[in-house]
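Trainee:
Numbering (full-length UniProt numbering), first residue to last: 1 to 268.
1) Figure out for me which residue from 165, 106, 65, 185 has the closest Cα to the Cα of residue 229.
2) Can you give, in chain order, each stretch of the alpha helix (DSSP H) that sits fully within the stretch 92-161 and has at least 4 residues?
3) Please check the pair residue 59 and residue 27, which I expect to be a contact at CB under 8 Å, by giving their CB distance rounded to whole angstroms.
4) Does any heavy atom of the ligand FMN sit closer than 7 Å to the C-beta of residue 228?
5) Going by DSSP, what residue range makes up the alpha helix (DSSP H) through residue 46?
6) Apart from the five residues just before and just after residue 236, which ones in its own chain have a Cβ nearer than 6 Å to its Cβ?
7) Report the partner residues of residue 33 according to the DSSP bridge assignment.
8) If we call anything under 8 Å between Cβ atoms a contact, is residue 32 one with residue 16?
9) What residues in its chain sit with their C-beta under 8 Å from that of residue 83, if we drop five residues either side in the sequence?
10) In this structure, what does DSSP give as the bridge partners for residue 14?
11) Alpha carbon to alpha carbon, how far is residue 178 from residue 131?
12) May I have a chain-ordered list of the alpha helix (DSSP H) segments no shorter than 4 residues that lie completely inside the stretch 195-253?
13) Do you know how far the Cα of residue 220 is from the Cα of residue 61?
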């Protein structure tokens, strides 16, 4: 698998091993990967982290705060396994490199994989350092010459794309696809409303926001603003890589002249 990585990324993985041993931890975790990216001088990742004032010392101190030192005894040449979360990051980094048409996995792809998941220790460390994770992703992509708003993101959620939902696509518009293609105008002055919609959608129960208002007051703009945030991945992890569809009622009822056709179309 080492051949899949750039020299700087390979060195970062070696550093992650060293740091896990330094903390006497039994496995290389996402926190050690983040620390390694802050140490490796030749990678894009360190440059990005530096822009957010995330340093090797800061990350090491947070690791000590979150996990402390373990009691594992190792020798220099011992190989530590990767934790399940860290293993997922390596797989995700490979996917990030593939999406960005990179020949090999670099430190930037490792960083992109780390900031894509809010529920891992490395992300909690970044948050503890007052780091805007969504901005880290955007800056990383821009350093690679990629516009975050138009990046072609391929992920497992893409399995539910147009090919898998022909009926839905025939009666609805994919706002996220339109946002990715730059077909949606920037939404101005609706930040509070969009954030409130995201908050409601993230609830475990009572999670159906309803936008009410006269025609022209900006209800559609709020939905479009949400679509843009999904594309920018400026949303909670559970909402990332999702599709936002706008159902056209006229298209839904069109051609349903016989009893039961409308209900059948809804079921599909």
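Backbone N, C-alpha and C define an ideal beta-carbon position, used for all residues, glycine too.
Mentor: On the basis of the coordinates in this document:
1) When each option's Cα is compared against that of residue 229, the closest is 185.
2) Counting only runs of 4 or more, we get 107-115, 121-128, 133-143.
3) With 8 Å as the limit, residue 59 and residue 27 do not qualify as a contact, their Cβ atoms being about 17 Å apart.
4) No copy of the ligand FMN appears in this structure; indeed no ligand is present at all.
5) 44-51 is the span of the alpha helix (DSSP H), which, as asked, contains residue 46.
6) Counting only Cβ-Cβ distances below 6 Å, and skipping sequence neighbours, we find 202.
7) Answer is none; residue 33 lacks a bridge partner.
8) In this structure, residue 32 places its C-beta atom within 8 Å of the C-beta atom of residue 16.
9) Close CB contacts of residue 83 within its chain, under the 8 Å cut and outside five residues either way in sequence, are with 27, 28, 29, 30 (chain order).
10) Per DSSP, none; premise fails for residue 14.
11) Residue 178 and residue 131: Cα-Cα distance of roughly 29 Å.
12) Those alpha helix (DSSP H) runs which fall completely within the stretch 195-253 and span 4+ residues are 219-231, 249-253.
13) Residue 61 and residue 220: Cα-Cα distance of roughly 46 Å.
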